[in-house]
């Protein structure tokens with residue numbers, strides 16, 4: 003009898019322990035279960051001004067890739083000279099004292115295209131308009147809006163220059179197929195372009211850019227003064243400490259001649275007009291005959307970047323769009 007009572011008590015004790023354990027476990031688990039049921043996810047839009055640096059970088063990279071792909075498809079290496087000339091003509095209207103003109107896309111306006119110094123780029127601008135229309139359609143579908151004409155002009159000059167350089171490298175290397183592609187891509191100079199240039203709504207003043215057949219001395223003077231706060235050449239001791247103009251002899255020679263219909267003929271004209279350009283041409287000829295063409299292309303990118311930013315106003319929010327983010331709340 004005593005043994006039965008002891009076994010019954012033991013069973014009761016075990017039952018109480020199990021019940022207590024279950025209750026404790028239930029109390030421990032319940033809050034998590036309730037919290038999980040109460041969690042809610044909602045969409046929150048991140049405004050453009052609140053985008054992270056990486057988010058902005060990704061969106062601008064997409065905008066750059068989209069535009070360059072369309073320009074590569076629609077333009078050829080034969081467009082390189084006129085594409086550079088269009089940027090030069092747009093930039094050449096900049097007057098630093100009044101802060102007017104510059105790379106603002108006004109060169110595509112009918113009032114400017116009709117000027118004597120601009121008429122030979124009219125057909126090129128017509129072709130570029132069709133390409134830009136496709137770029138804008140794709141960009142608007144992606145929520146990034148239309149491109150400025152100023153940006154399209156600059157990117158077109160970049161893309162066509164790279165096409166021209168690639169063809170020259172492939173020819174000079176004597177390689178075929180994939181090997182030729184490696185030469186043109188691996189040995190290409192880095193060519194970054196900042197986006198966000200703002201377009202003008204009215205034409206820039208006329209008469210600021212020399213005609214293609216102007217005297218070399220007049221072209222030199224024009225380029226030396228372009229975007230230069232010190233238009234008067236210093237003399238005496240002060241000349242030693244004076245910084246060079248942005249478009250001094252070397253960039254002036256490279257950019258102007260490369261923007262003409264026959265660059266080699268124009269280079270020879272500059273050398274004949276001023277002996278100082280003989281050594282500059284010799285240096286660039288040597289670089290351009292090499293497979294990598296490094297010195298010439300690096301200088302081109304540096305000088306072109308200065309030209310492409312001359313007088314330009316940049317919109318830091320251009321081509322950026324707000325993004326949706328999923329936020330989980332308890």
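Numbering (this note's numbering), first residue to last: 3 to 332.
From the three backbone atoms N, C-alpha and C, an ideal C-beta is built for every residue, glycine too.
Only a predicted model underlies this, so the values are computations on that prediction, with no experimental measurement involved.
* Asked: For residue 222, which residues of its own chain have a beta-carbon under 8 Å away from its beta-carbon, when the five flanking residues on both sides are left out?
  -> 251, 254, 276
* Asked: In its own chain, which residues sit with a C-beta less than 8 Å from the C-beta of residue 1, not counting the 5 before and 5 after it?
  -> The first residue shown for the chain is 3 and the last is 332, placing residue 1 beyond what the model contains.
* Run through DSSP, which three-state label would residue 102 get? -> strand
* State the Cα-Cα distance for the pair residue 313 and residue 197, rounded to the nearest angstrom. => 14 Å
* To do: Could you round the C-beta distance between residue 283 and residue 269 to whole angstroms and report it? I think they count as a contact, below 8 Å.
  => 5 Å
* Status (buried if at least 16 other CB within 10 Å, exposed otherwise) for residue 247 -> buried
* Burial state of residue 71, where buried means 16 or more other Cβ atoms lie within 10 Å -> exposed
* May I ask you to report which of helix, strand or coil DSSP gives residue 117? => coil
* **N-terminal and C-terminal residue of the alpha helix (DSSP H) that residue 128 is part of** => 124–143
* Asked: Which residues does DSSP pair with residue 327 in a beta bridge?
  -> 46
* For residue 105, count neighbouring C-beta atoms within 10 Å of its own C-beta (all shown protein chains included) and say buried if the count is 16 or more, exposed if not. => buried
* **Rounded straight-line distance, which links the Cα of residue 227 to that of residue 98** => 9 Å
* To do: Starting from the C-beta of residue 318, find all residues in its chain whose C-beta is less than 8 Å away, skip the five residues before and the five after it, and write them out in chain order.
  => 198
* Does the stretch 257–274 come close enough to the stretch 139–158 that 3 or more CB-CB pairs lie under 8 Å? -> no
* To do: Look up residue 249 in the DSSP assignment and say whether it is helix, strand or coil.
  => coil
* **Closest Cα partner of residue 305 within the set 210, 160, 77** => 160
* Whose CA, out of 133, 86, 147, 81, lies closest to the CA of residue 324? -> 147
* **Same chain, Cβ closer than 7 Å to residue 180, five either side skipped, listed in chain order** => none
* Once you ignore the five residues that flank residue 85 on each side, which residues in its own chain have a CB closer than 6 Å to its CB? -> 158, 159, 162
* To do: Taking all protein chains shown into account, decide if residue 295 is buried (16 or more other Cβ within 10 angstroms of its Cβ) or exposed.
  => buried
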